[in-house]
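Under the UniProt record's numbering, read the sequence shown as residues 1 to 364, first letter to last. The beta carbon of each residue, even a glycine, is placed where N, CA and C say it ideally should be. Report on the following structure.
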Amino acid sequence: MVAMAERRIKNGMRDGWGLRVTSVAMLVGAGLAAWWQGPIDAPEPEPTEQTRETKVKDVDAAAFTTAQIGDCLTWDIADDGAVSNFTVVGCDEEHRYEVADRVDLRNVEEWVGQFDEDAPEPDQDTLLQLRNWVCQDPVLEYMDGKLDPMGRFVPAPILPPSKSWADGDRTMLCGLQPTAPDGTPAQATGRAAEQDQANVVQVGECVALDDSGGLQPIDCAEPHLLEAVGLVDLRATFPDRTPTIEEQNEHLNQACVVAAEEYLGGNEALYQSTLLPFWMTISPESYDAGTHSVNCWLMKDNGYGGFSALAGSAKGPFTINGEPKVDPPPRNPLREDGAPQPQQTAPGAGAPTGSVDGQNATGY
Numbered sequence: 001m002v003a004m005a006e007r008r009i010k011n012g013m014r015d016g017w018g019l020r021v022t023s024v025a026m027l028v029g030a031g032l033a034a035w036w037q038g039p040i041d042a043p044e045p046e047p048t049e050q051t052r053e054t055k056v057k058d059v060d061a062a063a064f065t066t067a068q069i070g071d072c073l074t075w076d077i078a079d080d081g082a083v084s085n086f087t088v089v090g091c092d093e094e095h096r097y098e099v100a101d102r103v104d105l106r107n108v109e110e111w112v113g114q115f116d117e118d119a120p121e122p123d124q125d126t127l128l129q130l131r132n133w134v135c136q137d138p139v140l141e142y143m144d145g146k147l148d149p150m151g152r153f154v155p156a157p158i159l160p161p162s163k164s165w166a167d168g169d170r171t172m173l174c175g176l177q178p179t180a181p182d183g184t185p186a187q188a189t190g191r192a193a194e195q196d197q198a199n200v201v202q203v204g205e206c207v208a209l210d211d212s213g214g215l216q217p218i219d220c221a222e223p224h225l226l227e228a229v230g231l232v233d234l235r236a237t238f239p240d241r242t243p244t245i246e247e248q249n250e251h252l253n254q255a256c257v258v259a260a261e262e263y264l265g266g267n268e269a270l271y272q273s274t275l276l277p278f279w280m281t282i283s284p285e286s287y288d289a290g291t292h293s294v295n296c297w298l299m300k301d302n303g304y305g306g307f308s309a310l311a312g313s314a315k316g317p318f319t320i321n322g323e324p325k326v327d328p329p330p331r332n333p334l335r336e337d338g339a340p341q342p343q344q345t346a347p348g349a350g351a352p353t354g355s356v357d358g359q360n361a362t363g364y
């Protein structure tokens, strides 16, 4: 099961934009009550005096109308999913969207006649088509062709407010939506073209698999596969060229061991944990498109080319597949240079240097 889960990690991370959310498209249209959950026709709650009072602010038509190419947009999301304060902000501020183009849907050749005055607002399937067929090219052009489909920014459309649509406005914004590692909408600071597009997590976060096989941050107390112990920007080592996979592995083999030792408190703490430093490399295509950083992780192999399920942070008590950690065998004292003497490995204890189902892990 764990080996299968590991294969799903690799497959899920290579799905690109195919499974990413496009719910931002319905942000200022219908379905405000649950915009990130998918259905564009999600029913809105019965209007009350309070909702009538805030409805105008929830859908700020003026901000949509005035948003131009290069502008950044943000909005607030209440606990119930209600959207408010849709506004243009400076791109150096936290934002949820960067405008790459303004498209009049009536002038899109492939869609002539489909968005006339009486046309209903696009449904979810139509939004996906608009994103892929109408928005992708202008977004790529806006980014000078450098947009990693595995990265944290994804093309996304935004439709006009429902009332504006009903009044005949067929303007659609095409732009860049920052996402979290699990594909859900996130926030960014700074222009997308000037940022590392790597979709990474913060040190100390743990990740499990979601239903699509992508990595999803989760409380470390819950069963998980990986715990982030470091973040490595490969541009610091390879500032002027794209490193090969072999060069990345050689560098990360050292950098991730150092990160794991610093995270746990030293080489002996890492050894006693029985966990392995682990990382994933960046394809040359993704590197050239703008992804330059990788997480260093801690994991536990299951002995069959896959991952064990961990529960609890590596910094404290944790279990492996529901069982307490088994202490590793004693080893010789460290040499003066800080490296361990050659160790004797008991059957089933520790793990050798090698790979986990095609990914990278190292012994220590």
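What span of residues does the beta strand (DSSP E) with residue i cover, start to end?
i	result
residue 76	72-77
residue 85	83-89
residue 231	226-233
Hey, out of the options, whose CA is closest to residue i's CA?
i	options	result
residue 242	114, 191 and 283	283
residue 138	95, 175 and 124	175
residue 240	228, 112, 87 and 287	287
residue 208	297, 238 and 104	297
residue 140	83, 192, 111 and 172	192
residue 125	157, 313 and 118	157
residue 279	271, 264, 265 and 253	253
What number of angstroms, rounded off, separates the C-alpha of residue i from the C-alpha of residue j?
i	j	result
residue 123	residue 155	17 Å
residue 306	residue 142	40 Å
residue 128	residue 269	49 Å
residue 99	residue 267	47 Å
residue 360	residue 259	15 Å
residue 71	residue 303	51 Å
residue 292	residue 179	17 Å
residue 115	residue 165	10 Å
residue 136	residue 107	16 Å
residue 281	residue 249	7 Å
residue 76	residue 308	39 Å
residue 257	residue 228	12 Å
residue 235	residue 219	30 Å
residue 273	residue 317	10 Å
residue 168	residue 146	35 Å
residue 97	residue 74	7 Å
Chain C beta carbons: is any one of them nearer than 8 Å to that of residue i?
i	result
residue 286	Of the protein chains in the structure, only one exists, and it is not chain C.
What do you get for residue i, buried or exposed, if any count of 16 or more other CB atoms within 10 angstroms of its CB means buried?
i	result
residue 148	buried
residue 332	exposed
residue 189	exposed
residue 152	buried
residue 245	exposed
residue 199	buried
residue 261	buried
residue 202	exposed
residue 290	buried
residue 204	exposed
residue 181	buried
Tell me the residue span of the alpha helix (DSSP H) that contains residue i.
i	result
residue 247	245-264
residue 136	136-142
residue 126	124-130
Can you give, in chain order, each stretch of the beta strand (DSSP E) that sits fully within the region 145-219 and has at least 3 residues?
Restricting attention to beta strand (DSSP E) runs no shorter than 3 residues, the region 145-219 encloses them at 153-158, 171-178, 206-209 and 215-218, ordered along the chain.
In chain order, each alpha helix (DSSP H) run of at least 4 residues that lies wholly inside the region 267-321
For the region 267-321, the full-length alpha helix (DSSP H) segments reaching 4 residues or more read 267-273 and 284-289 along the chain.
Note down, one range per segment and in chain order, each beta strand (DSSP E) of at least 3 residues found wholly within the region 95-119.
With a minimum length of 3 residues, the continuous beta strand (DSSP E) runs that stay inside the region 95-119 are 97-104.
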